[in-house]
Amino acid sequence: MSFQHPFHCVRFIKRQQSGAQNLLVATAGPKIYSFAAESGQRLAVWPQDVEPSKEDSSKDIGTEASPEDQTPPEKKIKVTPSTDQTAGEDPKSTSQESKKPKTPAWSSIPLLIASSDGKHVVALTSEDKCLRVFAVGRDGSLQQLSERVMPKRPSAIVFACNDSTILSGDKFGDVYSLPLIPSETPATKTPNPAKTYQPKATTLTVHTKRNLAALEQQILHSNQNASTVAEKAGPDFECDLILGHVSLLTDVAYVSLSLETGAKRTYVLTADRDEHIRVSRGPPQAHVIENYCFGHNSFISKLCIPQWEPELLISGGGDNFLLVWKWSEGQILQKVPLVEETSQTEVIVRGIWAVPFAESTKSESLKVILVALEGSSQLLSYTLQSDGTLKPQGSIQVSGNALDVTGVERNGTIMVSVDGVREAGSTQHWRASPASSQALIESYRAKLSSEGLEWEPTNDPATSRINSEGTSELTAAAEDKKRNELNESLYALGNLRKKAGAEDA
158 MSFQHPFHCV
168 RFIKRQQSGA
178 QNLLVATAGP
188 KIYSFAAESG
198 QRLAVWPQDV
208 EPSKEDSSKD
218 IGTEASPEDQ
228 TPPEKKIKVT
238 PSTDQTAGED
248 PKSTSQESKK
258 PKTPAWSSIP
268 LLIASSDGKH
278 VVALTSEDKC
288 LRVFAVGRDG
298 SLQQLSERVM
308 PKRPSAIVFA
318 CNDSTILSGD
328 KFGDVYSLPL
338 IPSETPATKT
348 PNPAKTYQPK
358 ATTLTVHTKR
368 NLAALEQQIL
378 HSNQNASTVA
388 EKAGPDFECD
398 LILGHVSLLT
408 DVAYVSLSLE
418 TGAKRTYVLT
428 ADRDEHIRVS
438 RGPPQAHVIE
448 NYCFGHNSFI
458 SKLCIPQWEP
468 ELLISGGGDN
478 FLLVWKWSEG
488 QILQKVPLVE
498 ETSQTEVIVR
508 GIWAVPFAES
518 TKSESLKVIL
528 VALEGSSQLL
538 SYTLQSDGTL
548 KPQGSIQVSG
558 NALDVTGVER
568 NGTIMVSVDG
578 VREAGSTQHW
588 RASPASSQAL
598 IESYRAKLSS
608 EGLEWEPTND
618 PATSRINSEG
628 TSELTAAAED
638 KKRNELNESL
648 YALGNLRKKA
658 GAEDA
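Heads up: the sequence shown is residues 158 to 662, going by our numbering.
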């Protein structure tokens, strides 16, 4: 029996097209899955697995996408018969090996966002640093529209400008702006002019034949290297650098506020490893810094601006507290402890989610903030009060580490992505053996009682079906090196914490 790749990201997509069903789109391992939100039926998987026997026919018929259409092309290596085929080897076996489905060039998809109209999703495939845009069909299908390899691996992506633009922040502190749909005419690179190499020695100062030849070769190679560097000026697609930090960038948020005049002004909020939150104007004025929000003592991993309270910001990271801000003024409204003040336990905020529930049982609108800690099976729950402060509520205990959360607009329900591979409370230790039915996702419903907000698990048929469908297999007998790589792909926030005595990065 094997484990199943847990869902790294999960998003509820409310469709605005007439007749289109709501969806759950999730990433697990190297794949993206699309499910019907009401029934849990699996609608699409990207990239698809193509059986070798069907590879040729799929190209002719055009009904199935081959792996070549879904994954980056691999370099072809010319191999001589002496190295490709050993003596006595059946040439047919080599041909059969070449027809095996290709595995993707990436092992995980750590970032996933969906447009507000539900027509597009954007995903990051990790190892190749590639941002991929997909069109979401009425039937839940996923069609890749573009793939753009970023200069550095993105650490956060967000939609901007009415979902027409993608903002991508990377681990070198830069934020780029890209159009959601690239123009048909690719951008032309403008390389920096190559500087001609001017050696100190000249033909007038060098006289021997050997030294003259060495001087000519030196000039030739230096100019060739300069030309190569000049050609690597940047990506060959539209990609504008709009702002930068001097530290590793950890999260990006985009928000629009109404001014007293009735006009709207947009802002970009960025967080980094050096405890800074910067408030900049939105493109094309992102170079204008409005203010900073100072108050954290450790790195910041997550920013959350509730859609229904855009003037507020909840931030968290390597500190043992959250901060609630009136971010436009850089004012701290509340410091929310995550552990006892006397506790020496180090915590890391994995995620902060603002979940609106239309109406509760008491006909009151609920404004819920959920917080997950790295390697914890407990979801912390708060309600946002009218004065902008957070009030603690009953927590949610899930069966494994909470990885991601999405709100479903159905009776105050949330869906939680669960890590059923590692022991609850651990980011490194795997369970002894896979469960007979591994939980990939769990659903909970909020209800108000005399003691406050409480959460109860639901027997949602959609959740049950998604769990029964499963994802791709993850062998329980994986070697330690492979396990460490998989652990790192899911739990990497601890690397942001600065070690004592280390220089600031």
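Even glycine gets a Cβ: it sits at the ideal position worked out from N, Cα and C.
Everything numeric in this text was worked out from a predicted model, so none of it was measured.
In the pairwise beta carbon analysis, the region 605-614 is classified as not touching the region 186-197: fewer than three pairs are separated by under 8 Å.
Closest in C-alpha terms to residue 606, from the list 453, 426, 551, 440, comes 551. The C-alpha of residue 359 is placed about 56 Å away from the C-alpha of residue 458. Of all C-beta pairs linking the region 541-550 to the region 563-578, fewer than three are shorter than 8 Å, placing the two stretches out of contact.
Linking residue 631 to residue 189 through their CA atoms gives a straight-line distance of about 16 Å. The beta carbons of residue 159 and residue 633 sit closer together than 7 Å. A distance of 7 Å or more separates the beta carbons of residue 531 and residue 571. If you check the CB distance, residue 582 and residue 595 do not come in under 7 Å. In this structure residue 526 is not in contact with residue 495, their Cβ atoms being roughly 13 Å apart against a cut-off of 8 Å. Measuring C-alpha to C-alpha distances from residue 625 to each of 637, 655, 593 identifies 593 as the nearest. By a beta-carbon distance limit of 8 Å, residue 424 contacts residue 437. Their separation comes to about 7 Å. Taking a 10 Å sphere around the C-beta of residue 296, we find fewer than 16 other C-beta atoms and assign the residue as exposed. By the criterion of a C-beta distance shorter than 7 Å, residue 430 is surrounded in its chain by 404, 405, 407, 456, 653, 662, once the five residues flanking it on both sides are discounted.
A distance below 6 Å between beta-carbons, with the five flanking residues on each side excluded, links residue 533 to no residue of its chain. In this chain, the beta strand (DSSP E) harbouring residue 334 covers 331-336. Put simply, the backbone Cα of residue 286 is about 21 Å away from that of residue 272. By the Cβ-count criterion, residue 367 is exposed, with fewer than 16 other Cβ atoms from all chains shown falling within 10 Å of its own Cβ. Within the DSSP secondary-structure output, residue 473 pairs in a beta bridge with 459. Note: residue 478 is bridge-paired with 494 in the DSSP secondary-structure output. Looking at the DSSP output, residue 401 shares a beta bridge with 331. In the same chain as residue 398, and ignoring 5 residues on each side of it, the C-beta atoms closer than 7 Å to its own belong to 331, 333, in chain order.
DSSP places residue 619 inside the alpha helix (DSSP H), whose first and last residues are 618-626. Taking C-beta atoms under 8 Å as the contact rule, residue 574 and residue 167 qualify, at a distance of about 5 Å.
Between residue 293 and residue 278 a beta carbon distance of about 6 Å is seen, short of the 8 Å cut, so the two are scored as contacting.
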